[in-house]
Amino acid sequence: MIRYLRMFRAFASSEFQFEMEYRGNFYLSILEMFLVIGTSIAAVLVMFQHTTTMNGWTLPQMIVLLGVYYMIQGGVNLVFSPSFERLMEHVRAGTLDFHLLKPVNVQFLVSTRHLRVVRAADLALGLAVVIFGLVQVGAEIGVGPAVLFVLSLLFGIMLVYSLLLGLVTLAFWFVRVENLLAIFWAFTEAGRFPVDVYPLWLRVSLSTIVPIGIAVTAPANVIAGRMDWIAVAVLGAGTVLAVGFASALWRWGLRSYTGASA
Amino acid sequence: MIRIYRQLLVAQIQAAAQYRIQALLWMLFSIIRPVIFLAAWTAVATAQGGSVGGYSASDFAAYYIALTLVNHLCIAWNSFEFEFEIRQGRLSPKLLRPLHPLHYSVVENLVFKITTLLPLCLVLVIVALTFNVRWAGEWWHLVIFVPSIILAAALSFMLGWVVATATFWLQRINTVNTLFQRTAFIFAGQIAPLALMPEWMQVVSYALPFAYILAVPAEILRGGVTLERCLLYLVGQAVWLGLTIIAFRFAWRAGLREYSAVGA
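Here the protein sequences come in this chain order: A and B. Under my numbering, the first sequence has 1165 at position 194, and the numbering climbs by one with no breaks. Under my numbering, the second sequence has 211 at position 219, and the numbering climbs by one with no breaks.
Here you go:
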């Protein structure tokens, strides 16, 4: 475990150095994120000019939800998406061999090897939005709900991770799966509103095919006081199942890998 | 010119036929955001007892379905592609050809829209049934929609090219693109029909070009505007299209002088 943490730190620092070579781009990315989050909040503000609740969600609760949305996106885009992008490339080119030869858990390696460090700023900005929303809610958040919030956020990120891993594993059979990922990213957009806003057919596809709906709504629900520890435990169990299933699929897919020397 | 275009169209349709699934997936991008906001506004309308600022849930459905169609017909991706073409030096051979690079991308753009129109309409029918849509227009709304959507698509396309030319000076235009995208997100009528936005935002929206690409044709197709307003909108679209074409001519000529890739 310690060894893996140390490895992750090495990945992170090398990727950070790499990214700092393009310093201007780094700062501009952060500026872009301000634009994106700012305009998203503006959109919600325009809507709430005409109403005080949306399906039982108040404005501050919606802002918390938006913050969670960007935190989850940030978490996933910080580590998993850049790593998986390279993984697909490795599978296509046959260079995954080099990863397979290393004396570490391959799933860990392909999931965390590459980082887009600037996306850590999304996590921070998302958190700032959550806190801003919390202040607006006005309620004191005790230690209990805070812990539940962090837990459900982690579960949410891992839920999205397991889906991504499953999708990327398909590359072993179909080679080109960027398009599947494109659908995934298109659907994530729906996470900006609580999942119960959508009509049934969309909700089903959001919560089963693209768990972003659950992932975003759950932590915001904790803040809104609509989710207790039992619900979070159920979410946790579901996440463990999903990750287990995805890594089983991954191991199975790996057997179909035909690299340069396999 | 017509002969050239016919040749290019045939070639592009053949090329596009290799990527049918991909085209369908890209179509999703046109659909998802309007449907999301439609769902949210429906929730708001329900919370307010059926209607908001003169828009009932069925009117929202009509507006956002119209917006999806408009969004799809006006999509333009040159500002995302052009950076790549310059960095890879792919622009150089194109510049040597007797035809302006613009024409190739016109054809690409048209073929994508033509080939995906039918599946898009199928999806829209499903959405229309789910959201219980109501069309409030007259026959002349449909007539005016035709020039309006053509102007909007041309405006969107040319505006995309103006942004693309920024690459000549900046090399990477991610940030410029995001700036344009997010401004359009707020002021093009995506987050709300313009009539529901605060006064000052409406003023800004009608001053910027983005609403003439999305909100204006969508409102016309929905049948939510009077005849005088429709004609005024058409004038606005034409003015912005003219300005954009002029801007493009200047930017292109000045940009080519900056261009320094291999072969330039």
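Virtual Cβ for every residue (Gly too), placed ideally from N, Cα, C. Because the structure is a prediction, the values reported are computed rather than measured.
Residue-chain proximity (residue i, chain A), Cβ-Cβ < 9 Å
i: B:V125; result: no
i: B:I238; result: no
i: B:V44; result: yes
i: B:I78; result: no
i: B:R164; result: yes
i: B:T107; result: no
i: B:F104; result: no
i: B:L83; result: no
i: B:R12; result: no
i: B:Q40; result: yes
i: B:P201; result: no
i: B:V36; result: yes
Reduced DSSP category for residue i - H, G, I as helix; E, B as strand; rest coil
i: B:Y11; result: coil
i: A:M918; result: Only positions 972 to 1233 of chain A appear in the structure, and residue 918 of chain A is not among them; the question remains open.
i: A:T1022; result: coil
i: A:S1082; result: helix
i: A:T1229; result: coil
i: A:Y1066; result: Inspection of the sequence shows that residue 1066 of chain A is occupied by Thr rather than by Tyr. The answer is coil: DSSP assigns A:T1066 none of H, G, I, E or B.
i: A:W1028; result: strand
i: A:K1073; result: coil
i: A:F1145; result: helix
i: B:S252; result: coil
i: B:Q6; result: helix
i: B:I118; result: helix
i: A:L1049; result: helix
i: B:L200; result: coil
i: B:M(-7); result: coil
i: A:V1181; result: coil
i: B:A158; result: coil
i: A:M972; result: coil
i: A:Y993; result: coil
i: B:R164; result: coil
i: A:P1190; result: helix
i: B:I183; result: coil
Outcome for residue i when other beta-carbon atoms lying within 10 angstroms are tallied against a minimum of 16
i: A:L1227; result: The sequence as given places Ser at residue 1227 of chain A; Leu does not occur at that position. Exposed: under 16 other Cβ atoms inside 10 Å.
i: A:I1185; result: buried
i: A:L1206; result: buried
i: A:T1023; result: exposed
i: A:G1196; result: exposed
i: A:W1144; result: exposed
i: A:E1137; result: Just to set this straight, residue 1137 of chain A is Gly in the shown sequence, not Glu. Buried, by the Cβ-count rule.
i: B:T218; result: exposed
Cβ neighbours of residue i in the same chain (closer than 8 Å, five flanking residues each side left out)
i: A:V1077; result: H1070, L1071 and L1225
i: A:A983; result: L1086 and V1088
i: B:T60; result: S22, I23, P26, V27, L112, L116 and V119
i: B:W127; result: A54, R214 and G215
i: A:N1026; result: P1165, D1167 and V1168
i: A:V1139; result: F1055, L1058, M1059, V1148 and L1152
i: A:I1102; result: G1038
Other residues of its chain near residue i: CB distance less than 6 Å, five sequence neighbours each side excluded
i: A:N1192; result: M1198
i: A:V1088; result: E986, F987 and E990
i: B:L110; result: none
i: B:F74; result: A156 and T159
i: B:V103; result: Q4, I5 and A8
i: A:L1080; result: H1070
Same chain, Cβ closer than 7 Å to residue i, neighbours up to 5 away in sequence not counted
i: B:E77; result: L83
Min CB distance residue i to chain B below 9 Å
i: A:M1018; result: yes
i: A:N996; result: yes
i: A:F989; result: no
i: A:G1009; result: yes
i: A:E1283; result: Given that chain A is displayed from residue 972 to residue 1233, the structure contains no residue 1283 of chain A and the question cannot be resolved.
i: A:I1154; result: yes
i: A:F1164; result: yes
i: A:P1140; result: The sequence given here has Thr at residue 1140 of chain A, not Pro. No, A:T1140 does not count as interfacial toward chain B.
i: A:P1170; result: yes
i: A:M1025; result: yes
Heavy atom of the ligand PLP within 8 Å of residue i beta-carbon
i: B:A31; result: This structure does not include the ligand PLP; it has no bound ligands of any sort.
**Request:** Could you tell me which uninterrupted alpha helix (DSSP H) segments, each at least 4 residues in length, are contained entirely in the stretch 205 to 244 of chain B, listed from first to last along the chain?
**Result:** Here the runs fully enclosed are 207 to 214.
**Request:** Within the stretch 17 to 72 of chain B, note down every full alpha helix (DSSP H) run reaching 4 residues or more, in order along the chain.
**Result:** Secondary structure within the stretch 17 to 72 of chain B: the alpha helix (DSSP H) runs of 4 or more consecutive residues, fully enclosed, are 49 to 65 (chain order).
**Message:** Quick check on the DSSP output: what are the complete beta strand (DSSP E) runs of length 3 or more inside the stretch 1080 to 1126 of chain A, in order along the chain?
**Reply:** Within the stretch 1080 to 1126 of chain A, no run of beta strand (DSSP E) at least 3 residues long lies entirely inside it.
**Item:** Residue ranges of each alpha helix (DSSP H) within the stretch 1144 to 1176 of chain A, 4 or longer
**Value:** Segments of the alpha helix (DSSP H) lying fully in the stretch 1144 to 1176 of chain A: 1149 to 1159 and 1171 to 1175.
**Item:** Segments assigned alpha helix (DSSP H), at least 4 residues, entirely inside the stretch 73 to 133 of chain B
**Value:** Here the runs fully enclosed are 83 to 88 and 93 to 123.
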